[in-house]
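Trainee: One structure follows; several queries about it will come next.
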Amino acid sequence: MTLIRPPAAHILPSVADLVARERPEAPIYCLRPAVIAAAAGEFVAAFPGRTLYAVKCNPEPLALRAIWDGGVRHFDCASLAEVALVRDLFPQAGIHFMHPVKARGAIRAAWAQHGVRDFAFDTPEELAKILAETATGPVSDRGLILRLALGKGVARHDLSGKFGAAPEAAAALLRAARPHAARLGVTFHVGSQCLDPLAWRRAIALAGEVVREAGVPVEVLDVGGGFPVAYPDQSPPPLGAFFAEIEAAFEALDLPEVALWAEPGRALVAAGGSIVLQVQQRRDGGLFVNDGVYGALSDAGAPGFRFPTRLLRPGGQAARIERDFALFGPTCDSADVMRGPFRLPADTAEGDWIELGQLGAYAACLATPFNGFAAARVVAVPDRPLPVRHDAPPVTLAA
Ligand SMILES: Cc1ncc(COP(=O)(O)O)c(C=O)c1O
């Protein structure tokens, strides 16, 4: 499948201006580079260690450049395509291949062609594969990062089902990897959109036990991603509360020689993206719109995420009274339903545009061409993010 994307757009005047001028019948994905750069800058400034951006979360070059502008110089990549993309954009970037199961050719190319030095593993088989495929060249700079399994946690997106070595196996793997690593590390992921800072405290303590059990020194503790953002029904503590917990738990390990890393995705980009949809039909409290769970709104489907909304109406005032709506995507699949609820003026109707915010993370990059609906066009806008906890006032566009 080849997704043809337009070249990175210059910054347009505003979302409202775009809709007024184009009256688009296809969805438009609106990235806010300044918002992403600011979020990245805040994370880098406050996190007590090195920040690696998790590219999978939003690999749009516009977003990646904004993240770089915000001061991020290291990237967590999960595929060779992500590695090549980052290397192409940022020749000086530090790239870390953090997927615990990789194709041999991907390891080889990342190592030999793209200067990747750090690789994640969680089995003896993957360790052997990495050692075999990185056996030539700068082996004295090889980094091996063990992914530790965590139990099912409290995060909105559980990530415990697939990767990670159990603690006993993890200690043995660290011992096996030690002689081959210039950097030996431990990483974990508490799950995405994790609202509980204590999840990191527990995971860091577990990592410390594994290192003690292994009896070999390590150089890196990577606390993964999972840092949450606000959605209309979710109000996480400020990032500082997570960092304080991480710092305290890390200090309690008493491993002063160990470098602390984090791999945030969502926290850097969520606020910096929105999608503009057009209503194609209204049925009572349901709005049929031109993008859905097979497009940029996958998280609004089965995962049930809610997103802030605003109406963009060509001419005429919107009703002052609001009501809850469900959204229906454009494909023929009954699963293409987004229950929300999404709050909009009660008279929202066919022809109106609506903008959904907080969609910079895990949105446009999950789009498929199912049913012939192309991925939304990507544009850059200078708008502020939509307010998350109260609805944005409707915008009346020139008729
Ligand atoms: C290994 C790894 N690191 C980091 C992330 C980013 O997580 P988040 O977007 O929740 O911060 C993910 C997300 O799946 C991941 O798999």
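393 is the number that our numbering gives the last residue of the sequence shown; the numbers go up by one with no jumps.
Note that the Cβ used here is the ideal one computed from N, Cα and C, for glycine as well.
Hey, could you find the ends of the beta strand (DSSP E) aspartate 70 is sitting in?
Mentor: For the purposes of this step, residue 70 is taken as the residue at position 76 of the sequence shown. Membership of aspartate 70 in the beta strand (DSSP E) is indicated by the continuous run 68 to 71.
Trainee: Could you pull out every residue in the same chain whose Cβ sits closer than 7 Å to the Cβ of arginine 136, ignoring the five residues on either side in sequence?
Mentor: The sequence position of residue 136 within the sequence shown is 142, counting from 1. Here the set comprises Arg111, Thr128, His174, Ala175, Ala176.
Trainee: Please identify the residue among Cys326, Pro232, Ala357 whose C-alpha is closest to the C-alpha of valine 270.
Mentor: Taking the first residue of the sequence shown as position 1, residue 270 is located at position 276. Of Cys326, Pro232, Ala357, the residue nearest in Cα terms is Ala357.
Trainee: Starting from phenylalanine 113, trace the beta strand (DSSP E) both ways and give me its first and last residue.
Mentor: To locate residue 113, count along the sequence shown from 1; it is residue 119. First-last of the beta strand (DSSP E) with phenylalanine 113: 112 to 115.
Trainee: Buried or exposed: where does arginine -1 fall if 16 or more other Cβ atoms within 10 Å of its Cβ makes it buried?
Mentor: Taking the first residue of the sequence shown as position 1, residue -1 is located at position 5. Unreliable positioning characterises arginine -1 in this predicted model, as indicated by a pLDDT of 44, which lies under 50. The coordinate reading is nonetheless provided below. Counting Cβ neighbours within 10 Å, arginine -1 comes out exposed, since fewer than 16 surround it.
Trainee: In this structure, what does DSSP give as the bridge partners for proline 339?
Mentor: Translated into positions along the sequence shown, residue 339 becomes position 345. Within the DSSP secondary-structure output, proline 339 pairs in a beta bridge with Glu316.
Trainee: With a threshold of 6 Å on Cβ separation, who are the neighbours of valine 389 within its own chain once the five nearest residues in sequence on each side are excluded?
Mentor: As a first step, residue 389 is located in the sequence shown; it is residue number 395 there, counting from the start. Excluding the 5 residues flanking it on each side, valine 389 has same chain C-beta neighbours closer than 6 Å at Ala10, Leu306, in chain order.
Trainee: Have a look at isoleucine 348 and serine 186 and give me their C-alpha separation to the nearest angstrom.
Mentor: Taking the first residue of the sequence shown as position 1, residue 348 is located at position 354. Taking the first residue of the sequence shown as position 1, residue 186 is located at position 192. Straight-line Cα distance between these residues: approximately 27 Å.
Trainee: In angstroms, rounded to a whole number, what distance separates the CA positions of glycine 281 and phenylalanine 364?
Mentor: The sequence position of residue 281 within the sequence shown is 287, counting from 1. The sequence position of residue 364 within the sequence shown is 370, counting from 1. Per the sequence presented here, residue 281 reads as leucine, with glycine not at that position. The straight-line gap from Cα to Cα measures roughly 20 Å.
Trainee: The beta strand (DSSP E) with valine 252 in it runs from where to where?
Mentor: Taking the sequence shown and counting its residues from 1, the one referred to as residue 252 is at position 258. Where valine 252 is concerned, there is no enclosing beta strand (DSSP E), given that its DSSP letter is neither H nor E.
Trainee: Given a threshold of 16 other Cβ atoms within 10 Å of its Cβ, counted over all protein chains shown, does lysine 146 qualify as buried or as exposed?
Mentor: Along the sequence shown, one-based indexing puts residue 146 at 152. Classification for lysine 146: exposed.
Trainee: For isoleucine 315, count neighbouring Cβ atoms within 10 angstroms of its own Cβ and tell me buried if that reaches 16, exposed if not.
Mentor: As a first step, residue 315 is located in the sequence shown; it is residue number 321 there, counting from the start. Isoleucine 315 comes out exposed.
Trainee: Per DSSP, alanine 48 forms a beta bridge with which residues?
Mentor: For the purposes of this step, residue 48 is taken as the residue at position 54 of the sequence shown. Note: alanine 48 sits in a beta bridge opposite Asp70.
Trainee: Measuring alpha carbon to alpha carbon, tell me which of Pro53, Ala374, Asp285 ends up nearest leucine 350.
Mentor: Along the sequence shown, read from residue 1 onward, the residue named residue 350 stands at position 356. Looking at the Cα atoms, Asp285 is the closest of the given residues.
Trainee: Start and end of the beta strand (DSSP E) containing isoleucine 22?
Mentor: Here residue 22 is taken as the residue at index 28 of the sequence shown, counted from 1. First-last of the beta strand (DSSP E) with isoleucine 22: 22 to 25.
Trainee: Could you pull out every residue in the same chain whose Cβ sits closer than 8 Å to the Cβ of cysteine 326, ignoring the five residues on either side in sequence?
Mentor: Indexing the sequence shown from 1 puts residue 326 at position 332. These residues qualify, in order along the chain: Asn365.
Trainee: Using the rule of at least 16 other Cβ atoms within 10 Å of the residue's Cβ for burial, across every protein chain shown, is alanine 193 buried or exposed?
Mentor: Position 199 of the sequence shown, counted from the start, is the residue given in the question as residue 193. Buried, because 16 or more other Cβ atoms sit within 10 Å of the Cβ of alanine 193.
Trainee: For a quick check, are the C-beta atoms of leucine 138 and alanine 87 less than 7 Å apart?
Mentor: Here residue 138 refers to the residue found at position 144 when the sequence shown is read from its first residue. Here residue 87 refers to the residue found at position 93 when the sequence shown is read from its first residue. For leucine 138 and alanine 87, no; Cβs fall outside 7 Å.
Trainee: Taking the alpha-carbon of phenylalanine 319 as reference, which of Pro308, Arg333, Gln311, Gly309 has the nearest alpha-carbon?
Mentor: The residue labelled residue 319 in the question sits at position 325 within the sequence shown. Closest by alpha carbon: Arg333.
Trainee: Output the distance between the C-alpha atoms of glutamate 119 and arginine 17, rounded to the nearest integer angstrom.
Mentor: For the purposes of this step, residue 119 is taken as the residue at position 125 of the sequence shown. For the purposes of this step, residue 17 is taken as the residue at position 23 of the sequence shown. Looking at the two C-alpha atoms, the distance is approximately 54 Å.
Trainee: Return yes when at least one heavy atom of ligand 1 lies under 6 Å from the C-beta of arginine 111, else no.
Mentor: Here residue 111 is taken as the residue at index 117 of the sequence shown, counted from 1. Not a single heavy atom of ligand 1 lies less than 6 Å from the C-beta of arginine 111.
Trainee: Run the proximity test for alanine 48: is its beta-carbon closer than 6 Å to any non-hydrogen atom belonging to ligand 1?
Mentor: If you number the sequence shown from 1, residue 48 lands on position 54. The answer is yes for alanine 48.
Trainee: Any heavy atom of ligand 1 closer than 6 Å to the beta-carbon of methionine 92?
Mentor: For the purposes of this step, residue 92 is taken as the residue at position 98 of the sequence shown. At least one heavy atom of ligand 1 is nearer than 6 Å to the Cβ of methionine 92, so yes.
Trainee: Tell me the start and end of each unbroken beta strand (DSSP E) in the segment 116 to 143 that is at least 3 residues and wholly inside, in chain order.
Mentor: 137 to 141
Trainee: Near proline 275, what residues of its chain come up, given a Cβ to Cβ distance below 7 Å and the 5 sequence neighbours on each side ignored?
Mentor: On the sequence shown, position 281 is the one that residue 275 refers to. What sits at residue 275 in the sequence shown is glutamine, not proline. The residues are Phe282, Glu344.
Trainee: In whole angstroms, what is the alpha-carbon distance linking alanine 197 and alanine 78?
Mentor: Position 203 of the sequence shown holds residue 197. Position 84 of the sequence shown holds residue 78. Roughly 31 Å separates the two Cα atoms.
Trainee: Of the choices Leu140, Leu144, Lys50, Asp216, whose alpha-carbon is the least far from that of alanine 208?
Mentor: Residue numbering aside, residue 208 sits at position 214 when the sequence shown is read from its first letter. Of the candidates Leu140, Leu144, Lys50, Asp216, the residue whose Cα lies closest to the Cα of alanine 208 is Leu140.
Trainee: Counting C-beta neighbours from all protein chains within 10 Å, is the total for proline 250 16 or more, i.e. buried, or is it exposed?
Mentor: Here residue 250 refers to the residue found at position 256 when the sequence shown is read from its first residue. It counts as exposed.
Trainee: Against chain B, does glycine 334 count as a neighbour if the rule is that its beta carbon must be under 7 Å from one of theirs?
Mentor: This model lacks chain B altogether; it includes just one protein chain.
Trainee: From the DSSP output, which residues share a beta bridge with serine 229?
Mentor: On the sequence shown, position 235 is the one that residue 229 refers to. According to DSSP, serine 229 shares a beta bridge with no other residue.
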